[in-house]
Amino acid sequence: MSTVRIKKCKSYSEGDIKESFNELIAGFDKEKIYGKKIIIFFDFPQPDIEILKRVIEFLKENGATKISAGTSIFIKDLPESIQTLFKNEKIKFIDFRKDNYEKTDVSLRKTPNLEHFRGFAILSPVQYATEKAITKMETPSIRTLKSVFLPASFSENDYVVAITKMKDSPLAKLGGFVNSMTSLITTKTRAEIFVNAMQNKQHESLLEIFSLMKNKVLFGVVDGVKASISNNKEINQMKVLLFSDDLLSLDSVTSVLIGFRSNEIETNRLGDIFGFGSGTFNHITLYGDDFVEIRKEATKMLRYSKVFGKRNQPIPKITKEDKLKINKSMDFCPTGAIIEKEGFYLIDKNKCIKCYFCVEIAGDVFKL
7 MSTVRIKKCK
17 SYSEGDIKES
27 FNELIAGFDK
37 EKIYGKKIII
47 FFDFPQPDIE
57 ILKRVIEFLK
67 ENGATKISAG
77 TSIFIKDLPE
87 SIQTLFKNEK
97 IKFIDFRKDN
107 YEKTDVSLRK
117 TPNLEHFRGF
127 AILSPVQYAT
137 EKAITKMETP
147 SIRTLKSVFL
157 PASFSENDYV
167 VAITKMKDSP
177 LAKLGGFVNS
187 MTSLITTKTR
197 AEIFVNAMQN
207 KQHESLLEIF
217 SLMKNKVLFG
227 VVDGVKASIS
237 NNKEINQMKV
247 LLFSDDLLSL
257 DSVTSVLIGF
267 RSNEIETNRL
277 GDIFGFGSGT
287 FNHITLYGDD
297 FVEIRKEATK
307 MLRYSKVFGK
317 RNQPIPKITK
327 EDKLKINKSM
337 DFCPTGAIIE
347 KEGFYLIDKN
357 KCIKCYFCVE
367 IAGDVFKL
């Protein structure tokens, strides 16, 4: 049973973030930090700078001997404000794309035989004995990846602090922190994951990478004050922060907050089965503000539920700068569903598979 702390946070103002963050870390064992080398890891979109400030301050106050930060940004460069923060705090920033990589073998694991009949009580004694015997059978040790190249920075530090921004689209069905593992690995391993997807084993591959670093995680923070990126101030105002030392449990709670059942997310379900953390909601203890109330308000703010309601969703005429963003989205669109026609862009619902890369990359331009 894992613990997740949840706290409302009205805005990114220094006062609001500091007050909420201090309540989240109140029960954390601060002695783990003293004398340790710690690397802060975040992916895209980047968390707000105030979140990073509070995490850095917390680590310094409790005796971390060395703090570094790293990420691998594929779409945008690191914002100048974050670069300035790291410079002022004398924190070394590591671009994982330029870091040395170390080969790490993936351990073999056993897939448990789950009880696939829910109603054991209604079976005959013979059927019951047969089904119980099946669940106790030995299964072969397996893995989908033999080895993974991970940034050397992880082995050079004692702990990892992971920070992610809450994403309010079905892209998050791949898993929040688990999915962020793809930004740590080399192109070769990423290609292996996509090949495994043909056998519907990409979730197992992601979890195998996740398992290599989960024991080094000190804690994780989910920035849900404002989910994803959008210029529309009326959407994505989730106004919540999450904190836990179990990243899988944070993925589980996040998935429920944005309208899913935790076991609908394959990485949550499998991660729980493999013992990589608490991936299902009933295995998590929540502390803090009223979760039901927060979820009720958060789901009202979701933007993706109204997206692609029509067969062809028109996008207004755009500027030259906006066009660059749309073209970037077209490059990422796996089915070519974004079509340019007479100065307008259309999303063809017949081709769209709702991967929502376009929403993540250029949501402000798409006016979603």
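All the letters of the sequence shown, read from the start, carry residue numbers 7 to 374 under the working numbering. Glycine is no exception: its CB is placed at the ideal position from the N, C-alpha and C atoms.
- With a cutoff of 7 Å on beta-carbon distance, N242 and S258 are scored as not near each other.
- Closest in alpha carbon position to T325, among V371, V365, L218 and S335, is V371.
- Checking the DSSP bridge columns, you'll see P157 partnered with Y107.
- Taking C-alpha positions only, K306 is separated from D229 by approximately 18 Å.
- The stretch 189-200 makes no contact with the stretch 249-256: fewer than 3 CB pairs, one atom from each, lie closer than 8 Å.
- A direct Cα-to-Cα measurement between N269 and I57 gives close to 29 Å.
- Going by DSSP, F280 is part of the alpha helix (DSSP H) stretching over E272 to F280.
- Excluding its 5 nearest sequence neighbours in each direction, S217 has C-beta neighbours in its own chain below 7 Å: F282, listed in chain order.
- In the DSSP assignment, E198 falls within the unbroken alpha helix (DSSP H) covering T193 to A203.
- Closest option to C339, judged by alpha-carbon separation, among N221, I367 and E210: I367.
- Where E299 is concerned, there is no enclosing beta strand (DSSP E), although the alpha helix (DSSP H) around it starts and stops at F297 to K306.
- Between the alpha carbons of S87 and I55 lies a gap of roughly 7 Å.
- Cβ-Cβ separation between F183 and L30: approximately 16 Å, too far for a contact (criterion under 8 Å).
- Scanning D337, K109, S113 and I73 for the CA closest to the CA of N94 turns up I73.
- Setting aside the 5 residues that flank it on each side, K59 is surrounded in the same chain by L91, each with a C-beta closer than 7 Å to its C-beta; the list follows chain order.
- In the three-state reduction of the DSSP assignment, V184 falls in the coil class, being assigned neither a helical nor a strand state.
- Segment contact: the stretch 37-55 against the stretch 155-167, three or more CB-CB distances shorter than 8 Å; contact assigned.
- Counting along the chain, the unbroken beta strand (DSSP E) around K347 starts and ends at I344 to K347.
- A straight-line Cα-Cα distance of about 11 Å links F297 and T260.
- D278 sits buried, since 16 or more C-beta atoms from the chains shown fall within 10 Å of its C-beta.
- Assignment of alpha helix (DSSP H) within the stretch 206-259, counting only whole runs of 4 or more residues, yields 208-219 in chain order.
- Counting only the Cα atoms, I45 lies some 21 Å from A32.
- Among the bridge pairs identified by DSSP, A32 is matched with none.
- Around the beta-carbon of M204, fewer than 16 other beta-carbon atoms lie within 10 Å, marking it exposed.
- By the neighbour-count definition (other C-beta atoms within 10 Å, threshold 16), V223 is a buried residue.
- In the three-state DSSP reduction, K98 falls in the strand class (E or B).
- In this structure, DSSP gives I39 a state outside helix and strand, which the three-state scheme calls coil.
- Taking all protein chains in view, the Cβ of Q208 is crowded by 16 or more other Cβ atoms within 10 Å, so the residue is classified as buried.
- Remark: C-beta atoms of I148 and M187 do not approach each other more closely than 7 Å.
- Partner residues in the beta bridge of G76, as assigned by DSSP, are F47 and I100.
- The residue among E198, S335, R267 and I290 with its C-alpha nearest the C-alpha of T9 is I290.
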